[in-house]
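*Asks:*
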Amino acid sequence: MQTVVLVLVEVLIVIGLSRLVGLAFRWINQPLVIGEIVAGIMLGPSLFGLVAPGLASTLFPPETIPFLNVLSQVGLIFFMFLIGLELNPKYISGNLEIAVLTSHVSILVPFSLGTLLAVLLYPLVSNASVSFTAFALFLGAAMSITAFPVLARIITENNLQRTRLGTLALTCAAVDDVTAWCLLAVAIAVARTGSIIGAFPTIIASLVYIGLMMTVGRTFLKRLATYYRRTGRLSQLVLALIYMAVVASALITELIGIHLIFGAFLLGAAMPKNAGLVREIAIKTEDFVLIFLLPVFFAYSGLRTEIGLLNKPELWALCLAVLAVAIIGKYVGTYVAARISGIEKREASALGWLMNTRGLTELIVLNIGLSLGVISPLLFTMLVIMALVTTFMTSPLLERTYPKKLIKLDVVDQEPEEIKADTPDGEDFYNRPYRILVPVANPNSQKGLVQLAAAIAINYQQPAVVYPLSLIEFQEDYAFENTPQEANKVIAQRRQQLEELISRLEPLEARSYMHPIVCTSSNVARETARIALLEQANLVLVGWHRPAFSKNRLGGRVGQILTNAPVDVAVFIDRGQERLERLLVPYSANIHDDLALILALRLLINRDTCRLLVLQVVAENQVKNEHSYELDTVMEQLPQSVRDRIDIKIVEAIEPIQAVVAASETVDLTIAGTSRAWGIERQTLGRYTDQLAIECRSSLLITRRHSQISSHITSVLVNEKLEVKR
Numbered sequence: 000m001q002t003v004v005l006v007l008v009e010v011l012i013v014i015g016l017s018r019l020v021g022l023a024f025r026w027i028n029q030p031l032v033i034g035e036i037v038a039g040i041m042l043g044p045s046l047f048g049l050v051a052p053g054l055a056s057t058l059f060p061p062e063t064i065p066f067l068n069v070l071s072q073v074g075l076i077f078f079m080f081l082i083g084l085e086l087n088p089k090y091i092s093g094n095l096e097i098a099v100l101t102s103h104v105s106i107l108v109p110f111s112l113g114t115l116l117a118v119l120l121y122p123l124v125s126n127a128s129v130s131f132t133a134f135a136l137f138l139g140a141a142m143s144i145t146a147f148p149v150l151a152r153i154i155t156e157n158n159l160q161r162t163r164l165g166t167l168a169l170t171c172a173a174v175d176d177v178t179a180w181c182l183l184a185v186a187i188a189v190a191r192t193g194s195i196i197g198a199f200p201t202i203i204a205s206l207v208y209i210g211l212m213m214t215v216g217r218t219f220l221k222r223l224a225t226y227y228r229r230t231g232r233l234s235q236l237v238l239a240l241i242y243m244a245v246v247a248s249a250l251i252t253e254l255i256g257i258h259l260i261f262g263a264f265l266l267g268a269a270m271p272k273n274a275g276l277v278r279e280i281a282i283k284t285e286d287f288v289l290i291f292l293l294p295v296f297f298a299y300s301g302l303r304t305e306i307g308l309l310n311k312p313e314l315w316a317l318c319l320a321v322l323a324v325a326i327i328g329k330y331v332g333t334y335v336a337a338r339i340s341g342i343e344k345r346e347a348s349a350l351g352w353l354m355n356t357r358g359l360t361e362l363i364v365l366n367i368g369l370s371l372g373v374i375s376p377l378l379f380t381m382l383v384i385m386a387l388v389t390t391f392m393t394s395p396l397l398e399r400t401y402p403k404k405l406i407k408l409d410v411v412d413q414e415p416e417e418i419k420a421d422t423p424d425g426e427d428f429y430n431r432p433y434r435i436l437v438p439v440a441n442p443n444s445q446k447g448l449v450q451l452a453a454a455i456a457i458n459y460q461q462p463a464v465v466y467p468l469s470l471i472e473f474q475e476d477y478a479f480e481n482t483p484q485e486a487n488k489v490i491a492q493r494r495q496q497l498e499e500l501i502s503r504l505e506p507l508e509a510r511s512y513m514h515p516i517v518c519t520s521s522n523v524a525r526e527t528a529r530i531a532l533l534e535q536a537n538l539v540l541v542g543w544h545r546p547a548f549s550k551n552r553l554g555g556r557v558g559q560i561l562t563n564a565p566v567d568v569a570v571f572i573d574r575g576q577e578r579l580e581r582l583l584v585p586y587s588a589n590i591h592d593d594l595a596l597i598l599a600l601r602l603l604i605n606r607d608t609c610r611l612l613v614l615q616v617v618a619e620n621q622v623k624n625e626h627s628y629e630l631d632t633v634m635e636q637l638p639q640s641v642r643d644r645i646d647i648k649i650v651e652a653i654e655p656i657q658a659v660v661a662a663s664e665t666v667d668l669t670i671a672g673t674s675r676a677w678g679i680e681r682q683t684l685g686r687y688t689d690q691l692a693i694e695c696r697s698s699l700l701i702t703r704r705h706s707q708i709s710s711h712i713t714s715v716l717v718n719e720k721l722e723v724k725r
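For the sequence shown, numbering that gives the first Met the number 0 begins at 0 and goes up steadily by one.
1. Taking Pro109 as the reference, which of Ala323, Asn28 and Leu602 has the closest Cα?
2. According to DSSP, is Cys318 helix, strand or coil?
3. Quick check: the Cα distance between Leu240 and Asp286, rounded to an integer number of angstroms?
4. Out of curiosity, what's the CA-to-CA distance linking Leu362 and Thr688?
5. Taking the alpha-carbon of Ile106 as reference, which of Trp180, Ser17, Gly307 and Arg610 has the nearest alpha-carbon?
6. Would you say Ser394 and Asn28 are within 8 angstroms of each other, going by their C-beta atoms?
7. Are the segment 80-89 and the segment 268-281 in contact at 8 angstroms, needing three or more beta carbon pairs?
8. Tell me whether Ile455 sits in a helix, a strand or coil according to DSSP, three-state version.
9. In chain order, what residues of the same chain have a beta carbon less than 8 angstroms from the beta carbon of Tyr586, not counting five sequence neighbours either side?
10. So, using beta-carbon positions, are Ser697 and Ser663 closer together than 8 angstroms?
11. Please identify the residue among Ala491, Phe379 and Thr669 whose C-alpha is closest to the C-alpha of Ala569.
12. If we count Cβ pairs, one from each stretch, closer than 8 angstroms, do we get three or more for the segment 29-40 versus the segment 247-265?
13. Name the DSSP bridge partner or partners of Ser646?
14. Round the Cβ separation of Val584 and Asn537 to the nearest angstrom and send it over; I've been treating them as touching at under 8 angstroms.
15. Of all the alpha helix (DSSP H) runs that stay within the bounds of the segment 201-240, which reach a length of 4 or more residues?
16. Taking the alpha-carbon positions, what's the Gln413 to Asn355 distance?
17. With DSSP as the reference, label Phe473 as helix, strand or coil.
18. Could you tell me the distance, in whole angstroms, from the CA atom of Leu206 to the CA atom of Leu19?
19. Rank Thr63, Leu100 and Gly275 by C-alpha distance to the C-alpha of Ala173 and give the top, closest one.
20. Between Leu223 and the rest of its own chain, which residues show a CB-CB distance below 8 angstroms, the 5 nearest in sequence each way excluded?
21. Helix, strand or coil: how does DSSP classify Glu62 here?
22. So, is the C-beta of Ile597 closer than 8 angstroms to a C-beta in chain D?
23. Between the C-alpha atoms of Val73 and Val246, what's the straight-line distance to the nearest angstrom?
24. What residue does the alpha helix (DSSP H) around Ser130 start on, and which one ends it?
25. Report all residues from its chain with a CB closer than 6 angstroms to the CB of Ala55; omit the five preceding and five following residues, and keep chain order.
26. With DSSP run on the structure shown, which of helix, strand or coil describes Arg494?
27. Identify the continuous beta strand (DSSP E) that holds Arg703 and give its terminal residues.
28. Hey, quick one: how far does the alpha helix (DSSP H) through Ala652 stretch, first residue to last?
29. Give me the Cα-Cα distance between Gln496 and Thr389, rounded to the nearest whole angstrom.
30. Report the CB separation of Ser520 from Phe296 in whole angstroms; it is logged as a contact under 8 angstroms.
31. In the DSSP output, what is Arg581 paired with across the bridge?
32. In terms of DSSP beta bridges, what is Ala671 paired with?
33. By the three-class DSSP mapping on this structure, what secondary structure does Arg434 have?
34. Kindly give me the distance between the Cβ atoms of Ile13 and Ala298, rounded to whole angstroms, as I take these residues to be in contact under 8 angstroms.
35. Between Ala531 and Thr608, what straight-line distance do the alpha-carbon atoms span, to the nearest angstrom?
36. Is it a yes or a no for the segment 477-495 touching the segment 139-156, going by three-plus beta-carbon pairs under 8 angstroms?
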């Protein structure tokens, strides 16, 4: 009983640490799985055993390791079933000829280099009890593997699933996955029998079983799809039968002489790819596997990884050689094959870095090799380091080789851009489109936000464009919803919602100015700032959302955008007023209030029926605030028809906020800068006082100016002057 309690304590520690480290790695734009692998290594002799050997031996004694092994093997079986389930034939349908050539060359080159490296490593890190053939096959397989699940999530996270690069990478990785698992099966058969000739019966039996599963088994499984189409759900009994089939298939491949994981993968691949059926099986299976069982596998791997074994410079040199062979072999093989296939240099290079991703799949291969005794603990540690480095480097090298500004140009079936971003210098500066980026969290409830953006941007005298932006944030790396095919469905649904929102906008002419953007993101605030730069936005107009763990209305993502966006930002708190006829700007002569007044003037110029009240609040015996020089210039340039609709009112009050609140009762929209006077000044710790946001009686627009150089109204004034001259 004490052993069981200790195992449960270990699982508790493993799950907690893997989540914590995984989230830390997500924060630095790395896959969650890298953090979970690192967490497993931290619990082993590489860190925990080194820092606190006594406590480590107490918490992870040798008698508990077999229990962790059993849990990890169960986790691997069902994880491989999920991989097979996600391996949709659609991934292999496009660019098949190019993908087959590229993926096979990307396997052949590192596999060949790995076998050559085996000649050097075999006498140094192996022994006579292991046949050189098995050693070379395992090392070659470890060098040539690509982690399809991790690669698929990287593609989704970088919004590459609708690009030529993304679809080609998915096809290559899918073909690579099937080929690499076949190579690994041969390597296992050779390792267990001792020679290639002795492995022939195992290989033949494996081929027979694969043939049966893809014919008889698939025919039987099609009845499952028919049952699901008829009932629309999976009962617990049917799910139990599916899980029994997974375990049975795993046992059959183990008895044949390859490994448990192959049977589970094969059953997943043979399952009918009915979208609803696959989705329900995946969702019902993945949470327990990914949250509970896989971290145990990482911990079990970490307990067998001992970086301290690399205790000599020559061993680190060997480790670097392993890393170099893995990276160069995979990258060069992919790049050369892609170039021969006619793919341009930048795209071929990006494909090479994507195919270098090894991740969890590599760890599975290494654990099999270590369990069979084919690779030593020393080589296991070197290869684990290789798996981590090659996966870690994928995202930054992909961004460097294929920056996100190019992704937009590569999207398949993208709509033509109607408004050009670049315009010549000189007089055409004033005809540059005025651009507003509008992050829309909920298209069903944020019509007022998009309507306000249209009112600010559109004056029918200059080019303008409004980008309703919907960012789909996936919380988990391996969740089924993160697969590229599922992500495309979610993106299409969200785009449809945005189109429906746009179709409800008034006036009708405003709809043609809308260019919706929908993409996935792991960090909404950071991605919003990036898109604002990419689209050369003049303003980011964001709706207010109450943070989950704070009463601060300008906290959470809104606060992050206010703090970090490299353009002007306005936050809209919608009180439900549909009219925009009466505007109020509390003004205290700072740059954020300048932006508030500038946006109000845009609304005033764009709408002939609109009136503006500029409110200056002063204390007794205080000299009234003066407009900034820029705004004085702007006011002088305004046509008389606009100035006639502006009232400037000065009031004396001890509490400026209360004066603004009182004035807001008679207006439709109050526009205020993030200044101390209005209780919404940005604080050093990233928090905001937001008294005005709470008490304001009208809808409220809070402005934060990024640059003192105004681009919001100059072109409008030039156009107004032209109209007056005419």
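Glycine included, C-beta positions come from ideal geometry on N, C-alpha and C.
This one's a predicted model, so the numbers in the text were calculated from it and none came from an experiment.
*Replies:* Quick answer:
1. Ala323
2. DSSP places Cys318 within a helical segment (H, G or I) once states are collapsed to three.
3. 19 angstroms
4. Approximately 49 angstroms, taken between the alpha carbons.
5. Trp180
6. yes
7. yes
8. helix
9. Only residues of its own chain outside the window of five on either side were considered, and among them Asp592, Ala595, Leu596, Val613, Leu614, Gln615, Asn624 and His626 have a CB closer than 8 angstroms to the CB of Tyr586, listed in chain order.
10. yes
11. Thr669
12. no
13. Correcting the residue identity first, residue 646 is Asp in this sequence and not Ser. Bridge partners of Asp646: Leu612.
14. Rounded, the Cβ-Cβ distance is 18 angstroms, inconsistent with contact.
15. Qualifying alpha helix (DSSP H) stretches, in chain order: 217-230.
16. Because Gln413 sits at a pLDDT of 47, beneath the cut-off of 50, its placement in the model cannot be relied upon, and the following sentence gives the value as read from the coordinates. Answer to the nearest angstrom: the Cα atoms are 28 angstroms apart.
17. coil
18. 43 angstroms
19. Leu100
20. Val237, Ile241, Met270, Pro271 and Leu276
21. helix
22. Note that chain D does not occur in the displayed structure, where there is just one protein chain.
23. 9 angstroms
24. Looking at the DSSP string, Ser130 is not in any alpha helix (DSSP H), and its letter there is neither H nor E.
25. Phe47 and Gly48
26. helix
27. Ser698 to Arg703
28. No alpha helix (DSSP H) holds Ala652; DSSP gives it neither H nor E.
29. 39 angstroms
30. Taking 8 angstroms as the upper bound for CB-CB distance, Ser520 and Phe296 are not in contact here, some 29 angstroms apart.
31. Arg610
32. Ile701
33. strand
34. Reading the sequence as shown, one finds Val at residue 13 and not Ile. Yes, they are in contact, since the Cβ atoms of Val13 and Ala298 sit about 4 angstroms apart, within 8 angstroms.
35. Looking at the two C-alpha atoms, the distance is approximately 31 angstroms.
36. The segment 477-495 makes contact with the segment 139-156; the number of CB pairs closer than 8 angstroms reaches 3 or more.
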